[in-house]
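First to last, the protein sequences are chains A and B.
Remember, the working numbering sits 501 above the position in the first sequence when you count from 1.
Remember, the working numbering sits 231 above the position in the second sequence when you count from 1.
Ideal Cβ positions, reconstructed from N, Cα and C, are used throughout, including at glycine.
All figures in this text were calculated on a predicted structure; none of them were measured in a lab.
The structure appears below as structure tokens.
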Amino acid sequence: MDNLILIGQAYQIFLLVFMSIYMIQHFIFTYSRLYGEQRNYYHDILDTEMPTVSVVIPMHNEELVAENVLERLVLSDYPKEKMEIIPINDHSTDRTKDIIDTFARKHPGVKPFHRLKEDEKRGKAEGLNDVMKFTKGDIIVVFDADYQPAKEAIKSLVMGFKDPQVGAVMGRVLVQNSDSNLLTLLLDMERSAGYQISQQARYNMDLIPQYGGTVGAYRKSVVRQMGGFDPKVLAEDTDLTYKMYLNGWKIAYANKTECYEQMPETWAARARQVRRWSRGHNEVLFHHLPSIFTSKYFTLREKWDGLLLLFVYMMPILLMVGIADSIFLFFMDAISIVTSMSALLLIMAINAFGNFAPFFQITIANYLDGRTESLKLTPMFAFNFVLYIFYTSRGFIDALIDLATRRDVDWDKTKRHQRKNNAK
Amino acid sequence: MPSNPTFLMAGVFGLFFLMLFLPAIPMIQAIRNRKDVEPLGMDMDFVFNPRFQAIHFENLLKNAARDFNVIPLEERLDTSMVPMLSRKPLLFRTKGDITVDGTIDSKAILDAGGAIKFHPNARIHALKSKEHISIGEESMVDLWIDSGAEVIVHKNARTNLITAKTVKLYKGSSFKRIFAGTIGFYPLNKEGENKIGEDIVHTKESLNVEAQALYLDKNETIKADSSIHSDVIGRGDLRIEKGCSIYGSLKANGNLEIENNVHIYGNIFCDHDITIKHHCFVFGNIFSHTYIRIGHNTQIGKYAAPKSIIGIKGIEIAGGTFVHNYILTYGEGRVV
């Protein structure tokens with residue numbers, strides 16, 4: 502029993518150190534964004550010689566939003582002769598096929614790609630791999646179907662590839678339906694923290710900005726050389742991020758290249774989304790962890806950030822174990838009353854990185870975005886705790902089972918809502 | 232102070248929970264008020280291209296009668312013509328040519344149908360003309376110069392944004408952002424010095440190329456007269472010796488130094504300072520997160536193939552250099 506208590510105590514110390522590292526990282530990120538030197542993206546470059554681009558939009562049952570995204574894309578200021586728009590109809594059973602076919606008849610630059618064969622597996626990675634076989638573009642730009650890109654978004658994303666070291670570019674996502682309910686507003690605030698601070702600070706500090714799978718672009722030749730997207734990985738975006746860095750490429754972050762997306766409007770949908778993200782992210786953790794240590798292309802600071810980024814979805818389960826451990830130590834009388842409050846500290850701390858953005862980071866991000874009144878909602882993030890710790894942990898267990906059984910993964914699409922345009 | 236430890240502990244916990252729930256009061260108010268809940272606004276039509284900014288300038292003057300105190304002029308604008316009191320910003324208008332002398336109001340705009348000529352040491356907020364604009368020595372235009380023809384910025388004059396067909400800048404003048412078909416930095420080079428690179432390309436054995444680029448892991452120098460047919464990526468400082476030709480883009484994570492007579496048929500990107508010495512030719516964009524220094528008689532881009540020079544913290548360009556189309560810095564641009 503003594504040994505068990507010793508292990509329990511050691512675990513508490515390990516966990517508090519681990520949490521502190523994350524907390525310090527978020528402090529540094531926030532400081533960098535507030536007072537540090539900001540690294541400019543390549544928006545300002547004017548160049549008439551642009552590469553050929555294929556804009557792909559994976560779609561599965563997207564009848565509510567399909568036309569919106571296509572309408573926005575045909576308004577793009579990218580040279581028409583150098584751009585093709587390819588909506589991927591991935592086994593839709595609703596009116597998606599009719600909508601995109603009708604739209605394509607009116608707009609010659611839109612070339613629908615239907616994935617309807619019964620023996621084909623449905624999924625974003627499969628769709629993107631298939632489309633890469635015939636696209637003409639040197640650069641692939643990806644938007645999800647619920648996104649609304651601005652007129653200059655494609656040009657701005659593609660400009661990043663003028664830098665020969667850039668393998669992928671990521672833009673910023675804004676929440677379109679933040680006024681729907683309290684959940685969407687909170688998610689909007691959380692999103693701000695992720696992009697306005699974490700992503701930009703990572704870009705400022707030469708760390709690892711994440712490719713997010715949408716409002717993003719990548720070099721086709723590079724991704725093909727890497728063997729395309731792995732259909733067995735649910736988070737194809739995180740997987741691509743690490744593959745890029747493992748092969749010596751960098752990811753550029755374009756904070757001003759904004760694009761609207763829809764957030765889940767119910768807690769159940771959000772829970773499913775968090776679980777899916779956690780599962781996919783942890784799959785990438787299992788897959789790439791050893792390579793980060795051995796890669797010659799990762800700088801020391803990139804290794805450090807890469808590891809912290811990889812472990813972020815593993816923290817909730819470690820914390821859950823930590824809470825159980827602290828209760829066990831308390832009843833074994835092996836922990837003083839002050840240290841037993843670490844259970845409470847853990848509850849508070851999960852918000853520090855369970856949602857990847859501590860209170861102060863969320864507050865500063867929204868302040869930078871010009872919000873005032875909704876900053877008062879910051880304490881509400883404490884209620885995310887139960888949801889995140891539970892569903893992120895379930896996602897981790899899913900990923901463990903995936904690893905053990907090599908089972909196939911199924912794409913679980915977030916429910917869409919029909920909305921009016923928020924654009925100015 | 233209670234001496235009983237149980238009371239003390241209860242007090243500590245009480246205080247803890249009070250502090251925990253204090254933020255709930257404004258939080259509940261915020262939920263009830265439902266202010267500030269709209270999605271963040273995004274301008275779907277926003278464009279960075281300064282050509283559109285010039286259109287914006289034109290649109291600004293369309294409602295001149297409503298937004299400005301419009302003052303018609305003949306051939307001359309000087310300090311004596313500036314009204315003492317004006318609630319609206321001043322807009323001086325003339326259909327013909329005009330000369331400007333002295334310091335005009337700091338918010339004043341001059342809109343001329345003909346050419347504009349600045350006397351030395353004059354100052355105004357913004358200028359617009361379809362004809363030539365000449366900014367005199369030691370003069371200053373705080374915000375904007377927009378011309379349908381040529382803008383000449385004389386010695387030690389200070390400007391901000393210039394949009395024009397052609398811009399000439401003389402030694403000691405400064406700028407922030409220039410958009411023009413051709414931008415020349417004077418004094419001019421002698422005839423024939425400003426060659427375009429094809430006729431002096433050296434072909435030597437190319438260096439070892441890793442995958443899609445020549446990948447240099449630490450501080451490296453590319454030897455004189457090398458010819459490289461790929462992108463070059465340097466993880467540290469990178470130095471390109473004289474006479475090299477690079478048929479691809481260049482990227483350095485450290486500083487980048489390019490010696491005389493180097494020809495680069497691609498873009499140049501650098502995380503730190505870029506120094507390009509004399510008689511070089513770059514057919515691509517030049518982007519530095521810090522400073523760019525360009526020596527004399529260098530040419531950037533070709534006419535009708537617009538490229539950019541962007542030095543976030545500052546740009547220094549010597550005489551005899553030509554740039555086709557766009558220069559930007561958030562620091563100070565200087566002609567040396």
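Does DSSP put residue i in a helix, in a strand, or in coil?
i	result
Pro765(A)	coil
Gly412(B)	strand
Gln539(A)	coil
Thr879(A)	helix
Ala295(B)	helix
Val313(B)	coil
Tyr401(B)	coil
Gly695(A)	helix
Phe514(B)	coil
Ser539(B)	strand
Met745(A)	helix
Ser337(B)	coil
Met819(A)	Before going further, note that residue 819(A) is Leu rather than Met in the sequence given. In this structure, Leu819(A) counts as helix in the three-state DSSP scheme.
Glu653(A)	coil
Arg318(B)	coil
Trp750(A)	coil
Leu688(A)	helix
Gln260(B)	helix
Arg354(B)	strand
On a CA-only basis, which of the options is nearest residue i? Give me that one, please.
i	options	result
Met745(A)	Tyr754(A), Val723(A), Gln763(A) and Pro765(A)	Val723(A)
Ser360(B)	Asn352(B), Leu304(B), Gly379(B) and Pro351(B)	Gly379(B)
His503(B)	Ser458(B), Ile256(B) and Thr521(B)	Thr521(B)
Thr742(A)	Gly717(A), Gly628(A) and Ile828(A)	Gly717(A)
Pro609(A)	Lys581(A), Ser521(A) and Lys625(A)	Lys581(A)
Lys326(B)	Arg565(B), Leu447(B) and Gly344(B)	Gly344(B)
Gly526(B)	Arg318(B), Tyr557(B), Phe553(B) and Pro257(B)	Phe553(B)
Gly781(A)	Thr767(A), Asn756(A) and Tyr814(A)	Tyr814(A)
Ile546(A)	Ile499(B), Phe349(B), Phe248(B) and Trp375(B)	Ile499(B)
Gln862(A)	Tyr696(A), Gly668(A) and Asn504(A)	Tyr696(A)
Phe497(B)	Lys663(A), Pro732(A) and Lys797(A)	One point to set straight first is that residue 497(B) is Gly, not Phe, in the sequence displayed. The residue with the shortest Cα to Cα distance from Gly497(B) is Lys663(A).
Ser533(A)	Gly714(A), Thr739(A) and Ala702(A)	Ala702(A)
Arg297(B)	Val313(B), Arg318(B), Asp309(B) and Pro314(B)	Arg318(B)
Thr715(A)	Gln666(A), Lys733(A) and Ala654(A)	Ala654(A)
Asp680(A)	Val734(A), Met764(A), Ile586(A) and Leu888(A)	Met764(A)
By Cβ distance, which residues of its chain are closer than 6 Å to residue i, with the 5 residues on each side in sequence left out?
i	result
Leu559(B)	Arg408 and Ile541
Arg792(A)	Checking the displayed sequence, the identity of residue 792(A) turns out to be Ser instead of Arg. Excluding positions up to five away in sequence, the list reads Leu747.
Asp328(B)	Gly345 and Ala346
Glu547(B)	Arg524, Arg565 and Val567
Phe738(A)	Looking at the sequence shown, residue 738(A) is not Phe but Asp. For Asp738(A), where only same-chain residues beyond five positions count, the Cβ hits under 6 Å are Tyr712, Gly713 and Gly714.
My assumption, with CB atoms under 8 Å, is that residue i sits in contact with residue j. Please give the rounded CB distance.
i	j	result
Val384(B)	Ser404(B)	4 Å
Ser577(A)	Lys652(A)	6 Å
Val268(B)	Leu507(A)	Going by Cβ atoms, the distance from Val268(B) to Leu507(A) rounds to 51 Å, so no, they are not a contact pair.
Asp591(A)	Arg623(A)	5 Å
Leu675(A)	Glu766(A)	The Cβ separation is near 16 Å, so there is no contact.
Phe530(A)	Ile698(A)	5 Å
Cys475(B)	Ile453(B)	6 Å
Tyr534(B)	Thr413(B)	6 Å
Using only the alpha-carbon positions, how far apart do residue i and residue j sit?
i	j	result
Leu341(B)	Asn290(B)	15 Å
Met939(A)	Gly467(B)	Residue 939(A) lies beyond the range of chain A shown here (502 to 925); nothing can be said about it.
Ile818(A)	Asp806(A)	20 Å
Leu901(A)	Lys877(A)	38 Å
Ile262(B)	Phe891(A)	26 Å
His494(B)	Asp599(A)	53 Å
Ala241(B)	Leu249(B)	12 Å
Met560(A)	Leu571(A)	12 Å
Leu820(A)	Pro588(A)	41 Å
Ala866(A)	Phe860(A)	10 Å
Ile752(A)	Lys482(B)	14 Å
Asp503(A)	Met727(A)	50 Å
Gly638(A)	Gly729(A)	15 Å
Ala825(A)	Asp834(A)	14 Å
Asp740(A)	Tyr478(B)	32 Å
Leu253(B)	Phe882(A)	15 Å
Val557(A)	Thr906(A)	32 Å
Which same chain residues, not among the five before or five after residue i, have their C-beta less than 7 Å away from its C-beta?
i	result
Thr434(B)	Only weak support exists for where Thr434(B) lies, its pLDDT of 32 falling under 50; the coordinates are left without a value.
Please list, in chain order, the chain E residues whose beta carbon lies closer than 8 Å to that of residue i.
i	result
Ser539(B)	The structure shown contains no chain E; its protein chains are A and B.
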